[in-house]
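To keep things clear, I will list the structure first and then write my remarks on it.
Pasting the structure below:
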């Protein structure tokens, strides 16, 4: 055996052992985390027929949120939450840091794109009727996610602390203060002082970086759990057509689904009979070749049953 052949065999054996080791490690991790089951539940689910690209709006929104989190961590490495240094740190990030302008642009436009995608996703959910029973809670979670995403965009808009972001925040705070009952208290909480300033910037930075992303992540997890548990709603043009071979409505007993028509409860059978008088009349009519009933009147029409004739023994006695 030549040296090259021995080397090739050693390489193949090493690859085989490494592959077996990787399988053992993967099996060990899967036995303790059920990663395969999670993968099957999330990515190998059955979806109804007729689904199209409108059904990817939710996944696109989640992808944009992940990109916002990643780019936000990168921006936080260079940002200084101070009224005197915030704008300078943003300028340094944009002009001097490698790929800084690109990452900041992704974060800036990703915020607007995320709000647009949430609106489109909720529009698809509404017009496809996916907010109805039993998915009402998922719809409520989506509405809360829309509000939190809008607030996250508002809190992030102040962070550069230039003239445009400052006065836009002042206007938004005044609009919030004009709300009924809780409006003034909410405006005071966001402003964190008598006017928009350093304390406002610190509070917006904390809300934008920690509190709101955590809430959004938790609600997205609950949203996905309900989607996996309840399944995906079929499009209206699929729900509006009867499957091939389905029974007619008239041939299905009253109160019994078409899939359960083989086992009809007694009450359902009675209800079906009451609903169809023709069936009752046809059941009451005896067949043409059936023998006459013993209780029927005789030919005299008196309605009495004829007396039985005595047999010979009784007559002789």
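Residue numbers (our numbering): 7 to 323.
By construction, the Cβ of each residue, glycine as well, lies at the ideal position given by its N, Cα and C atoms.
Check your understanding: Does DSSP put residue 139 in a helix, in a strand, or in coil?
Key -> coil
**Study point:** Status (buried if at least 16 other CB within 10 Å, exposed otherwise) for residue 144
**Key:** buried
Review point. For residue 41, which residues of its own chain have a beta-carbon under 8 Å away from its beta-carbon, when the five flanking residues on both sides are left out?
Key: For residue 41, where only same-chain residues beyond five positions count, the Cβ hits under 8 Å are 35.
Review point. Does the stretch 156 to 166 come within contact of the stretch 129 to 141, defined as at least 3 CB pairs closer than 8 Å?
Key: no
Review point. Going by the beta-carbon positions, is the gap between residue 120 and residue 76 smaller than 8 Å?
Key: In this structure, the beta-carbon distance from residue 120 to residue 76 does not fall below 8 Å.
Check your understanding: Between the stretch 205 to 217 and the stretch 122 to 129, do at least 3 Cβ pairs fall closer than 8 Å?
Key -> no
Review point. Per DSSP, what kind of secondary structure is residue 65 in: helix, strand or coil?
Key: helix
Check your understanding: Using DSSP with H/G/I as helix, E/B as strand and the rest coil, what is residue 261?
Key -> Since pLDDT at residue 261 reaches only 40, below the 50 mark, its modelled position is unreliable, and the value read off the structure follows with that caveat. Residue state, collapsed to three classes: coil.
Review point. Using 8 Å as the threshold, is the stretch 164 to 176 in touch with the stretch 189 to 209, meaning 3 or more CB pairs across them?
Key: yes
Review point. How would you label residue 58, buried or exposed, when you count the other beta carbons within 10 angstroms and need 16 or more for buried?
Key: exposed
Exercise for review: Measure the Cβ-Cβ separation of residue 182 and residue 61 and say whether it is below 8 Å.
Suggested key: no
**Study point:** Secondary structure of residue 95, DSSP reduced to three states
**Key:** In the three-state reduction of the DSSP assignment, residue 95 falls in the helix class, which pools H, G and I.
Check your understanding: Which first and last residues belong to the alpha helix (DSSP H) in which residue 52 is found?
Key -> Per DSSP, residue 52 belongs to no alpha helix (DSSP H) and is neither H nor E.
Practice item. Output yes or no for whether 8 Å exceeds the beta carbon distance between residue 168 and residue 93. Key: yes
Practice item. State buried or exposed for residue 196, treating a residue as buried only when at least 16 other CB atoms are found within 10 Å of its CB. Key: buried
Practice item. Using beta-carbon positions only, say whether residue 47 and residue 147 come within less than 8 Å of one another. Key: no
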